[in-house]
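Chemist:
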Amino acid sequence: MSCPSTLVLSMFADGELATIEAGSVERHARGCAACSAQIAALKDEVLALRVAMHSADDLAPIPKFAPPTRARDFVLLVIGTALVAGLANVIWGALGAWIPSEIKWLDPLKSGALFERAMDIVKFVVYEGPAMWTTTLNVVGAVLLIALVAWVAGSAARRRAFVGIAASLLAVAVALPSTGHAFEIRRSEGAVTVAADETINDTLLAAGQTVTIDGTINGDLLAFGQEVTVRGNVTGNLVTGAQRVTIEGTVGGSVLGGAEDLLLENARIGRDLYGFSNEVDIASTTNVSGNAIAFAETVDVDGRVGIDFRGFGATVTVSGAVEGDVDGFGRTIRLEPTARVGGNVTGHVRSAGDLDVRPGAVIGGTTNEQIDERGQRRDRNSYGNVGFYVNQLVRFGAAFLTGLLLLWVFPVLRTLTLPNVVTVLTSGGIGLAAAVTLPVAAVIVCVTIVGIPIGILTFILGAIALYFSKTVVAQIIGRALFRSPTGPPHYAATLAVGLAIVIVAINLPWIGGFANLVLTLVGLGLIVTTLFGHFNRSAAA
Amino acid sequence: MTKEVAFGELYKTHFRQVRGLCRQLLGSPERAEDAAQEAFIRAYRAFARYDPSQPFGAWIMKIARNHCLDVLRRRSTERALFGKEDEEAAAVQSPDPDSLGLALGAERAAAVNAAVAKLPEKYRVPLALAYFADSSYDEIAAELGITRTHVGVLLCRGKEMLRKTLAEDSP
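Chains U and G supply the protein sequences, listed in that same order. The first sequence lines up with residues 1 to 541 when you count with the numbering used here. The second sequence lines up with residues 1 to 171 when you count with the numbering used here.
1) Considering U:E279, what are the terminal residues of the beta strand (DSSP E) in which it resides?
2) Between U:D354 and the rest of its own chain, which residues show a CB-CB distance below 7 Å, the 5 nearest in sequence each way excluded?
3) Pull up the DSSP beta-bridge partners for U:A206, would you.
4) Applying the criterion that 16 or more other CB atoms from any shown protein chain within 10 Å of the CB defines a buried residue, is U:F115 buried or exposed?
5) Taking Cβ to Cβ, would you say U:V326 is nearer than 8 Å to U:F312?
6) For G:A43 and G:R16, I'd like the C-alpha separation in whole angstroms.
7) Taking G:E33 as the reference, give the member of U:L49, U:I200, U:A37 and U:A60 with the closest Cα.
8) So, do the stretch 148–164 of chain G and the stretch 54–71 of chain G have three or more beta carbon pairs nearer to each other than 8 Å?
9) Using a C-beta cutoff of 8 Å, does U:V46 count as contacting chain G?
10) Are there 16 or more other CB atoms within 10 angstroms of the CB of U:L461, so buried, or fewer, so exposed?
11) Which value, in whole angstroms, describes the spacing of the CA atoms of U:V230 and U:I185?
12) Which residue marks the beginning of the beta strand (DSSP E) containing U:E260, and which one marks its end?
13) How about U:L221 and U:G236: do their beta carbons lie closer than 8 Å?
14) If you count every other CB in all the chains shown that lies within 10 Å of the CB of U:L401, and 16 or more means buried, which is it?
15) Please report the straight-line C-alpha distance between U:L524 and U:T494, rounded to a whole angstrom.
16) Where in the stretch 388–426 of chain U do unbroken runs of the beta strand (DSSP E), each at least 3 residues long, occur, reported from the N-terminal end onward?
17) So U:N368 is in the beta strand (DSSP E); what residue range does that whole segment cover?
18) Whole angstroms is fine: what's the gap from U:A242's alpha carbon to U:E189's?
19) Examine the Cβ distances between the stretch 293–304 of chain U and the stretch 265–281 of chain U and report whether three or more of them are shorter than 8 Å.
20) Where does the unbroken alpha helix (DSSP H) through U:G23 begin, and where does it stop?
21) Could one say the Cβ of G:C156 lies closer than 8 Å to chain U's Cβ atoms, at least one of them?
22) Once the 5 residues before and after G:T165 are set aside, which same chain residues still bring their CB inside 7 Å of it?
23) Drop a sphere of 10 angstroms on the beta-carbon of U:A267, count the other beta-carbons inside from all chains shown, and report buried for 16 or more, exposed for fewer.
24) What number of angstroms, rounded off, separates the C-alpha of G:V18 from the C-alpha of U:A48?
25) Within the present structure, is the beta-carbon of G:Y44 separated from the nearest heavy atom of the ligand MN by less than 7 Å?
26) I want to see whether chain G comes within less than 8 Å of U:E16, judged by CB atoms only; does it?
27) Within 10 angstroms of the Cβ of U:V349, are there 16 or more other Cβ atoms? Answer buried if so, exposed if not.
28) Looking at chain G, is there any beta carbon in it that lies within less than 8 Å of the beta carbon of U:I62?
29) Cβ closer than 7 Å: which chain U residues qualify as neighbours of G:F15?
30) Where does G:Q17 fall in DSSP's three states?
31) Run through DSSP, which three-state label would U:I430 get?
32) With a threshold of 8 Å between beta-carbons, can G:E177 be considered close to chain U, or not?
33) Taking the alpha helix (DSSP H) that G:H67 belongs to, which residues open and close that run?
34) Would you say G:Y11 reaches chain U, if we count a Cβ-Cβ gap shorter than 8 Å as a contact?
35) Please classify G:D169: does DSSP put it in a helix, a strand, or coil?
36) Would G:R23 count as contacting chain U if we go by Cβ distances under 8 Å?
Here it is, written out as structure tokens:
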């Protein structure tokens with residue numbers, strides 16, 4: 001028998017020859033070394049080929065499974081949104097007029113108070129940031145000085161005191177070249193007093209139950225306590241935080257005061273006044289040479305402001321003299337008959353007539369009433385307004401983009417879950433605790449001076465966390481909706497769907513405000529627990 | 001365990017194998033990735049009809065194979081994708097005994113796969129089905145609409161071309 005063809009040998013090596021044909025090839029191969037070797041080589045070759053082909057893909061990662069988009073979900077969502085919006089329109093139209101004003105806050109569109117405060121702060125920072133920054137730098141410089149002095153003292157107690165002192169002095173000289181005066185600290189559990197006949201030629205840090213300054217401070221005064229009263233003379237800046245701050249004396253520089261009540265009576269302020277308070281009262285005998293900026297529930301300007309006055313509050317009243325412009329942001333901006341304004345008066349109010357200029361008030365420039373769009377819409381049915389939907393769309397877009405960024409930066413937030421009611425309640429509780437304690441903590445930190453930037457940072461971080469709280473919950477809702485067999489689809493898809501649902505939910509009439517609160521608190525709780533969980537793990541690692 | 005979770009597990013277990021088959025059939029890692037995803041999406045849609053008593057691997061491989069062949073058929077403008085049997089058979093040459101097997105050493109897996117990817121479709125597809133998907137000649141013949149001898153010829157020619165490519169590439 002002649003040798004089989006290459007094709008036959010190849011098929012034989014693959015075990016694909018019919019039984020009879022295979023038998024004859026086998027018999028031939030027993031007596032033919034060449035064919036026997038070729039069959040063996042062909043078998044080896046196929047084995048090597050199989051191994052090579054199967055190894056081609058071993059290392060490439062397995063991509064995420066992207067299940068087919070459920071068009072049904074989107075259709076349902078759109079129909080649901082339309083139904084809810086329509087229903088809301090009808091309900092609001094029918095009931096809106098009968099709702100007593102006391103429970104109007106339940107209206108979801110009224111629950112933006114926090115947002116408004118945040119916007120006020122942003123506006124303020126934009127206007128006044130540079131000046132505040134200078135003040136903060138001064139404070140930080142002073143704190144640095146204290147730290148260095150403490151370090152020098154510590155070094156002196158040990159060996160090599162000389163080196164320590166020299167290094168500290170050098171550092172001080174480098175860090176604070178312009179500081180001409182030193183620093184004095186007065187602390188007491190009870191009262192801290194600078195008597196009328198006393199003069200301090202330093203920056204003074206005074207902290208006590210009550211701080212009373214009757215004498216003269218030739219430098220800055222940093223005063224913190226339950227009650228701070230300045231009747232004397234401060235040539236530098238005054239930075240103060242207390243339940244009640246009364247300024248009856250002279251401050252050569254600026255005043256930065258945070259208090260429940262900030263009262264300026266007979267005061268002479270050389271530069272600017274920044275007041276953060278429940279009530280800011282600039283009495284008739286007070287003269288602020290620079291600008292006056294006040295954030296408060298009620299702001300009264302009875303005295304004189306040398307340049308501009310800017311007031312953020314529920315009620316802003318001007319009955320004194322403002323040489324420059326008056327800018328009022330609030331529910332009611334009133335200029336009493338005694339008011340004298342050199343520049344323009346601008347009232348950023350919610351509805352026409354809220355800027356109330358009484359007959360007799362003298363205004364050098366123009367009077368301008370700017371209706372705050374957000375505020376105006378609150379007083380009528382927003383659901384029937386196209387602008388409302390555009391607004392919500394913008395809101396959705398902003399939340400989506402920032403949310404994407406958040407989830408991209410912190411992938412851990414993509415995997416959060418709320419498996420049961422207990423987790424929801426726990427997160428809500430933690431969120432409530434965080435919402436209450438964060439601002440308090442920030443204020444307390446601010447009181448320690450060194451913490452002012454930290455306090456501000458805490459506020460900012462808190463605001464950011466609040467903003468993102470609903471995004472986090474939206475992501476979880478989206479994931480729950482998209483329950484797919486191989487894990488969720490891309491987080492952008494779950495986020496988009498979740499956000500759409502959240503925005504519809506928080507705009508539902510009457511329960512929307514509550515939904516907003518719950519979603520915010522749960523989200524905040526989740527963020528806090530995630531952060532702490534992360535830090536704990538980092539610490540443990 | 002829900003059926004959906006089960007699918008997730010199956011995906012993880014079988015994806016590499018499915019992608020490997022697609023890669024061998026289509027000759028491109030990128031297209032293979034898409035094809036494998038598509039195969040799983042088809043399986044996902046048809047999952048309700050899947051009989052759990054059958055091995056999932058065979059089922060998904062079949063879906064992937066069909067999908068890839070569809071892709072190839074759509075792409076191919078030639079009516080006879082796999083050539084004429086007698087012409088191909090006439091072209092089969094006796095292998096040079098020295099090149100046989102040697103060129104296909106396992107340590108040259110990357111080179112082998114590159115050479116497979118470069119093969120014309122008509123040789124690559126039967127090769128992938130026979131040596132990657134472990135299909136029999138009869139199965140391949142049925143799938144490609146050719147005779148089983150034609151399958152043998154194509155495999156023979158395919159291996160021959162591989163040997164040549166690898167011999168040229170090797171130093």
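A virtual CB, placed ideally from N, CA and C, is assigned to each residue, including glycine.
Modeler: This is what the structure gives:
1) Along the first sequence, read from residue 1 onward, the residue named residue 279 of chain U stands at position 279. Note, U:E279: beta strand (DSSP E), L273 to I282.
2) Numbered from 1 along the first sequence, position 354 holds the residue referred to as residue 354 of chain U. Excluding positions up to five away in sequence, the list reads R331, T332, I333 and G347.
3) Walking along the first sequence from the start, residue 206 of chain U turns up at place 206. DSSP lists U:R186 and U:A223 as partners of U:A206.
4) To locate residue 115 of chain U, count along the first sequence from 1; it is residue 115. In this predicted model, U:F115 has a pLDDT of only 46, less than 50, meaning its place in the structure is not dependable enough to derive any value.
5) Here the question's residue 326 of chain U lines up with position 326 in the first sequence. Here the question's residue 312 of chain U lines up with position 312 in the first sequence. The answer is no: Cβ separation not under 8 Å.
6) For the purposes of this step, residue 43 of chain G is taken as the residue at position 43 of the second sequence. For the purposes of this step, residue 16 of chain G is taken as the residue at position 16 of the second sequence. Cα-Cα distance, rounded: 15 Å.
7) For the purposes of this step, residue 33 of chain G is identified with residue 33 of the second sequence, where counting begins at 1. For G:E33, the nearest C-alpha among the options comes from U:A60.
8) no
9) For the purposes of this step, residue 46 of chain U is identified with residue 46 of the first sequence, where counting begins at 1. Contacts with chain G at 8 Å (Cβ-Cβ) include U:V46.
10) Start at 1 with the first residue of the first sequence, and residue 461 of chain U comes out as number 461. With fewer than 16 other Cβ atoms within 10 Å, it is exposed.
11) Taking the first residue of the first sequence as 1, we reach residue 230 of chain U at position 230. Taking the first residue of the first sequence as 1, we reach residue 185 of chain U at position 185. Counting only the Cα atoms, U:I185 lies some 17 Å from U:V230.
12) Locating residue 260 of chain U in the first sequence gives position 260, counting from the first residue. It spans V255 to L264 - the beta strand (DSSP E) in which U:E260 sits, taken as one unbroken run.
13) The residue labelled residue 221 of chain U in the question sits at position 221 within the first sequence. The residue labelled residue 236 of chain U in the question sits at position 236 within the first sequence. Yes.
14) Mapped onto the first sequence, residue 401 of chain U falls at position 401. Its Cβ having fewer than 16 others within 10 Å, U:L401 is exposed.
15) Here residue 524 of chain U refers to the residue found at position 524 when the first sequence is read from its first residue. Here residue 494 of chain U refers to the residue found at position 494 when the first sequence is read from its first residue. In a straight line, the C-alpha of U:L524 is about 19 Å away from that of U:T494.
16) none
17) Reading the first sequence from its first residue, position 368 is the one you call residue 368 of chain U. Start and end: T367 to I371.
18) As a position in the first sequence, residue 242 of chain U is number 242, starting the count at 1. As a position in the first sequence, residue 189 of chain U is number 189, starting the count at 1. Looking at the two C-alpha atoms, the distance is approximately 14 Å.
19) yes
20) For this step, residue 23 of chain U is matched to residue 23 along the first sequence. U:G23 -> alpha helix (DSSP H) spans T19 to G31.
21) As a first step, residue 156 of chain G is located in the second sequence; it is residue number 156 there, counting from the start. At least one chain U Cβ lies under 8 Å of G:C156.
22) Along the second sequence, read from residue 1 onward, the residue named residue 165 of chain G stands at position 165. Excluding positions up to five away in sequence, the list reads A115 and K118.
23) Here residue 267 of chain U is taken as the residue at index 267 of the first sequence, counted from 1. So U:A267 counts as buried.
24) Taking the first residue of the second sequence as 1, we reach residue 18 of chain G at position 18. Taking the first residue of the first sequence as 1, we reach residue 48 of chain U at position 48. If you take the alpha carbons of G:V18 and U:A48, they lie about 20 Å apart.
25) For the ligand MN, the structure offers nothing, since it holds no ligand at all.
26) Working through the first sequence from its first residue, we reach residue 16 of chain U at position 16. So yes, U:E16 belongs to the interface.
27) Stepping through the first sequence from its first residue, residue 349 of chain U is reached at position 349. Buried is the call here.
28) As a working note, residue 62 of chain U is residue 62 in the first sequence. Yes, contact with chain G.
29) The count along the second sequence starts at 1 and reaches residue 15 of chain G at position 15. Within 7 Å Cβ-Cβ: I62.
30) Along the second sequence, one-based indexing puts residue 17 of chain G at 17. Helix, per DSSP.
31) Taking the first sequence and counting its residues from 1, one reaches residue 430 of chain U at position 430. U:I430: helix per DSSP, three-state reduction.
32) There is no way to answer for residue 177 of chain G, as the model of chain G reaches only from 1 to 171.
33) Reading the second sequence from its first residue, position 67 is the one you call residue 67 of chain G. Residues F56 to R75.
34) Residue numbering aside, residue 11 of chain G sits at position 11 when the second sequence is read from its first letter. Judged by the 8 Å Cβ criterion, G:Y11 is in contact with chain U.
35) Here residue 169 of chain G refers to the residue found at position 169 when the second sequence is read from its first residue. Annotated three-state conformation of G:D169 is helix, per DSSP.
36) Locating residue 23 of chain G in the second sequence gives position 23, where the first residue counts as 1. Interface residue, yes.
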